[in-house]
Amino acid sequence: MLKVAEVSKRFGNFQVLTNISFDVKNGEKVGIIGPNGAGKTTLFNIISGFLKPDSGEIIYKEVRITAKKPSWIAKIGIVRTFQIIKLFENLTVAQNIEAAGGDVEILKEMNLWAKRNEIAKNLSQGEMRRLSIAMALCLDPKILLLDEPFSGLDFQDSAQLAQTIQSLDGKMAMIIIEHRLAELFGVAERVLVLNAGKIIFDGLPEDVFESREVREAYLGRKYANSLCK
Ligand SMILES: Nc1ncnc2c1ncn2[C@@H]1O[C@H](COP(=O)(O)OP(=O)(O)O)[C@@H](O)[C@H]1O
Ligand SMILES: [Mg+2]
74 MLKVAEVSKR FGNFQVLTNI SFDVKNGEKV GIIGPNGAGK TTLFNIISGF LKPDSGEIIY
134 KEVRITAKKP SWIAKIGIVR TFQIIKLFEN LTVAQNIEAA GGDVEILKEM NLWAKRNEIA
194 KNLSQGEMRR LSIAMALCLD PKILLLDEPF SGLDFQDSAQ LAQTIQSLDG KMAMIIIEHR
254 LAELFGVAER VLVLNAGKII FDGLPEDVFE SREVREAYLG RKYANSLCK
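Start counting the sequence shown at 74; every next residue gets the next number (this note's numbering).
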């Protein structure tokens, strides 16, 4: 359904992404992990049209969407959330949903119905995160891109969010950037590891740390050999 083909990007002299290629199937849930600065958010910016790659293509349902406008890309079904939550913080929860063009009924699915008349800035971190996802869902995505959805959430909010993500299973594909591996591996079927702008692993969550290159990226060379079965 989505094909990222040989995407490269540099900022000045800094090569942030090098020949990134992967596919996402209909309904698939793909996790992306990797150290800070690996280029994960830049990749989302390119897929969602906020940045233009220097080379390579983004193909969605056989259509080349590389460097199209974000609003157009969202309209055809690829919708993202941001690492820093973006809400209308002085509007109520219900008004936020209306502003996103959605039906307030969605708040029931997102476990926010009881908060529908609350001003958004008074929500807990977890509730804000769920509201931002609810607003993304108002655009009826076929592929939902979540940038670090679990960051900053406490145990309870994380469990709640994991449940929300599970409840969307099969309704759309998802690509989830996340540092919190336990939470990510609970929802992702497949994991990509990005390190210094390159994909160093593409496979099952349970196999990620079998890869010496992944262990080196996370633990350094000194300890990369010490995680043996
Ligand atoms: N617009 C930009 N201009 C210049 N450098 C950028 C820009 N956006 C990101 N970078 C740099 O690119 C690298 C990758 O950033 P990013 O994609 O945000 O990484 P990640 O999300 O994996 O932590 C970082 O070194 C960051 O400072
Ligand atoms: Mg990032």
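Just so you know, even glycine gets a beta-carbon here, dropped at the ideal spot from N, CA and C.
Computed from a predicted model, the values in this text were never measured in an experiment.
* Asked: Where the beta carbon is closer than 7 Å to any heavy atom of ligand 2, which residues qualify, in chain order?
  -> Near ligand 2, meaning a Cβ closer than 7 Å to any of its heavy atoms, lie the following residues in chain order: Lys113, Thr114, Gln156, Asp220, Glu221 and Ile250.
* To do: Measure how close the beta-carbons of arginine 203 and isoleucine 158 come, nearest whole angstrom, since I'm counting them as under 8 Å.
  => Here residue 203 corresponds to residue number 130 of the sequence shown, with the count starting at 1. Here residue 158 corresponds to residue number 85 of the sequence shown, with the count starting at 1. Distance from arginine 203 to isoleucine 158 at the Cβ level is roughly 10 Å; contact not present, criterion being Cβ atoms closer than 8 Å.
* Asked: Candidates Val264, Asn298, Trp145 and Thr91: which alpha carbon is nearest glycine 112's?
  -> Taking the first residue of the sequence shown as 1, we reach residue 112 at position 39. For glycine 112, the nearest C-alpha among the options comes from Thr91.
* To do: Enumerate in chain order the residues of its own chain whose CB-to-CB distance from phenylalanine 95 is below 7 Å, with the five nearest sequence positions on each side excluded.
  => Here residue 95 is taken as the residue at index 22 of the sequence shown, counted from 1. Closer than 7 Å at the Cβ level, and outside the excluded window around phenylalanine 95, lie Val77, Leu265, Ile272 and Asp275.
* Let me know if lysine 188 comes out buried or exposed under the rule of 16 or more other beta-carbons within 10 Å of its beta-carbon. => Walking along the sequence shown from the start, residue 188 turns up at place 115. Around the Cβ of lysine 188, a 10 Å sphere holds 16 or more other Cβ atoms; the residue is buried.
* alanine 111: beta carbon under 7 Å from a heavy atom of ligand 1? -> The residue you call residue 111 lines up with position 38 of the sequence shown. Closer than 7 Å to some heavy atom of ligand 1: that describes the Cβ of alanine 111.
* Ends of the alpha helix (DSSP H) at asparagine 118? -> As a working mapping, residue 118 is identified with position 45 in the sequence shown. The continuous alpha helix (DSSP H) containing asparagine 118 extends over residues 113–120.
* Going by alpha carbons, who is nearest to methionine 183 out of Met245, Lys82, Gln236 and Ser81? -> What you label residue 183 is simply residue 110 of the sequence shown in a count that begins at 1. Closest by alpha carbon: Gln236.
* Asked: Roughly how many angstroms separate the alpha carbons of valine 89 and asparagine 190, rounded to a whole number?
  -> Against the sequence shown, residue 89 aligns to sequence position 16. Against the sequence shown, residue 190 aligns to sequence position 117. Roughly 43 Å separates the two Cα atoms.
* **Closest by C-alpha distance to isoleucine 216, when choosing among Phe87, Gln233 and Asn99** => As a first step, residue 216 is located in the sequence shown; it is residue number 143 there, counting from the start. Per the Cα distances, Asn99.
* Start-end ranges of the beta strand (DSSP E) lying completely within the region 135–211, minimum 3 residues -> Restricted to the region 135–211, the beta strand (DSSP E) segments that are unbroken, complete and at least 3 residues in length are 151–153, listed in chain order.
* To do: Check glycine 107 in the structure and name its three-state DSSP category.
  => For the purposes of this step, residue 107 is identified with residue 34 of the sequence shown, where counting begins at 1. Reduced to three states, the DSSP call for glycine 107 is coil.
* Look at the Cβ atom of asparagine 268, then the Cβ atom of alanine 297, and state whether they are nearer than 8 Å. => For the purposes of this step, residue 268 is taken as the residue at position 195 of the sequence shown. For the purposes of this step, residue 297 is taken as the residue at position 224 of the sequence shown. Contact flag unset, no.
* To do: Between the Cα of proline 143 and those of Leu124, Gly175, Lys134 and Glu200, spot the shortest distance and give me the residue it belongs to.
  => On the sequence shown, position 70 is the one that residue 143 refers to. Selected option, being the one with the closest Cα: Leu124.
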